[in-house]
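Letter by letter, the sequence shown follows residues 5 to 407 in the working numbering.
We treat Cβ as the ideally placed atom computed from N, Cα and C, and that holds for glycine.
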Amino acid sequence: MRRLQFWACREWGFEPVKSYDHIRTIAVGTIGVGGFACSRVWRKIHLYLGLLAGVMFAFSGLSGSALVFYQDIDEYLNPALLTVEPDRDYVPLTEIIATAQKVVSADAKLARLYLPRHSRAAMKVRFTAPENSKDVLLDVIVNPFTAEVLGQRRWGGYLMSFIYKLHYTLVLGEVGKTIVGVIGLLLMCLLLSGLYLWWPGFSKLFQALRFKRSTNRLRFLYDLHKTIGIYAAAVLIVIVFSGIYMIFPHYVKPLIGVVLPFTETIPTGFSMDEGNGKKRINIDEVGRIASDLFPQAKLQRIYFPVSVDGVYHIIMRHLGEIRKTRGSTQLWINPYDGKVLAVQKPQAMRGGDVFIAWMFPLHNGEAFGLSGRIIVFVMGFIPIILYVTGLIVWWRKREARMR
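This is the structure in structure tokens:
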């Protein structure tokens, strides 16, 4: 006992420990919700998380704001490439694919087809093409009414796709994607610790929600930081959580599955013998099969088979589905006989499927239409405000302590 001289760092709000009873006393004060030591610990956690991840939080917010209107901005910047004059009917998809294949190298592989998202939008045919010992995504833009090739570009090589890669992977591939995910986890801790520090108790809740004007500049910034943070917290937590899911779906999905059931894995493969020596049905036939099965749905994407025993994967969207850019109606079609191998319909989705389907629309706001997108766009500027105000308050207090 005489040698028991544990000293906790004064910076974290602990006292020198002199005995086991003293340890017990400190522990109770530390873990108690209202304990002063506990508040100081969380304040330090919040501070260092902010200093560590605040810059990335601000960067993610700003880049995310740009991506909320990703396609609209891209079309505005490249009208001659991405928009067309509407005509009566599209030319056959087979003709569009054949035209696109003529302008790419022979070793480029057909990957997917993006149907126009509105009447004036061009059609996009995506290929995977080898470049410097790795595959890149190459998009050929085609006028759907004339089959004229409007141009081609590499995904990641133009402004909006580059911002997308920065936001999602820091342009560092899988390593960058993991870094972004870890930063997302830190940001979630930052937000939750901020909520804990702010919580005034139910009796003072209304008073705490009011912004307190002050002539003291430091006090003004501190109150601004708290007020903006608390009003934006709920939306920011949803955005950050949905982002974490999209980075780490294999880790998050099992946790969700504990409380919400998922549809069993959809079988998408078939025997090699079925395709052996047979000719694939053309892309127009694939589109017809999908449209006959779901006449009220809009065809959005067609993923081409990537191997001999691969299948066509069709994405469609019914009116009212929450995700606008990629519907939840899906089909898997045998490319040799046109047999529908599997179907996913929004009406048949289970609780876990619905929860996951909401992740991306919540992340970019499209779940609530234009209003939701505007809210998420504005939310993208909140992190830099919180970072700057928090940094100034910390620096001024640090200067005052050093005097």
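Using 8 Å as the Cβ pair cut-off and three pairs as the minimum, do the stretch 359–371 and the stretch 228–246 touch? yes
Should F206 go down as buried or exposed, given a rule of 16 or more other Cβ atoms within 10 Å for buried? exposed
Cβ neighbours of L119 in the same chain (closer than 6 Å, five flanking residues each side left out): L303 and Q304
Have a look at L81 and Q211 and give me their C-alpha separation to the nearest angstrom. Cα atoms of L81 and Q211: separation of roughly 47 Å, rounded to the nearest angstrom.
Which same chain residues, not among the five before or five after P339, have their C-beta less than 8 Å away from its C-beta? G279, R284, I285, V290, P309, G314, V315 and Y316
Those residues which DSSP pairs with R130 across a bridge: Partner(s): R116 and D143.
Express the C-alpha separation of V72 and V358 in angstroms, rounding to a whole number. 22 Å
My guess is that L298 and T267 are in contact by the Cβ rule of under 8 Å, so how many angstroms apart are they, rounded? The question names Leu, yet the displayed sequence has Phe at residue 298. Taking 8 Å as the upper bound for CB-CB distance, F298 and T267 are not in contact here, some 18 Å apart.
Would you mind sorting D139 into buried or exposed? The rule is 16 or more other CB atoms within 10 Å of its CB. exposed
Assuming F385 and G65 are in contact, meaning their beta carbons sit under 8 Å apart, how far apart are those beta carbons, in whole angstroms? 7 Å
Straight-line gap, T231 to W46 (C-alpha atoms, nearest Å): 18 Å
Could you tell me how far apart the beta carbons of A110 and F131 are, in whole angstroms, since I believe they sit closer than 8 Å? About 11 Å separates the two Cβ atoms, so there is no contact after all.
Only counting runs of 3 or more residues, tell me where the beta strand (DSSP E) segments fall wholly within the stretch 318–345, in order along the chain. 333–337
Whole angstroms is fine: what's the gap from Y94's alpha carbon to L55's? Rounded to the nearest angstrom, the two C-alpha atoms are 54 Å apart.
Separation of F149 from R92, as counted between CA atoms: Going by the C-alpha atoms only, they are around 8 Å apart.
Host alpha helix (DSSP H) of I234 (start-end): Where I234 is concerned, the enclosing alpha helix (DSSP H) stretches over R221 to I251.
Report the rounded CA-to-CA distance for I145 versus V107, giving the unit in angstroms. If I take the Cα positions, the gap works out to 11 Å.
Where does Q156 sit, in a helix, a strand or coil, going by DSSP? strand
Residue environment, V263, which counts as buried when at least 16 other CB atoms sit within 10 Å: V263 is exposed by the Cβ-count criterion.
By how many angstroms is the C-alpha of S295 removed from the C-alpha of L191? Cα to Cα, L191 sits roughly 43 Å from S295.
My parser needs the beta strand (DSSP E) runs of 3 or more residues fully inside the stretch 59–93; what are they? none
Roughly how many angstroms separate the alpha carbons of V59 and L390, rounded to a whole number? Rounded to the nearest angstrom, the two C-alpha atoms are 10 Å apart.
DSSP on R121, reduced to helix/strand/coil? coil
Is Y162 helix, strand or coil by DSSP? coil
Name the one or two DSSP bridge partners that V347 has. L335
Grab me the residues of L395's own chain with a C-beta within less than 6 Å of its C-beta, minus the 5 sequence neighbours each way, in chain order. Here the set comprises nothing.
Measure the Cβ-Cβ separation of A102 and V129 and say whether it is below 8 Å. no
Buried or exposed, going by whether 16 or more other CB atoms sit within 10 Å of the CB of T393? buried
Contact set for I379: own chain, Cβ-Cβ below 7 Å, skip 5 residues either direction: V239 and G369
In three-state DSSP terms, what is R402? helix
Three-state class that DSSP yields for K138 in the structure shown: strand
Quick one: Cα of L141 to Cα of N220, how far? It is roughly 54 Å from the alpha-carbon of L141 to the alpha-carbon of N220.
When you compare each of L323, K328, I337 and I293 to Y307 by their alpha carbons, which one comes out closest? I337
Is the beta carbon of L194 closer than 8 Å to that of L53? Contact: yes.
CB P90 to CB R124, shorter than 8 Å? yes
Hey, quick one: how far does the alpha helix (DSSP H) through R292 stretch, first residue to last? I287 to L297
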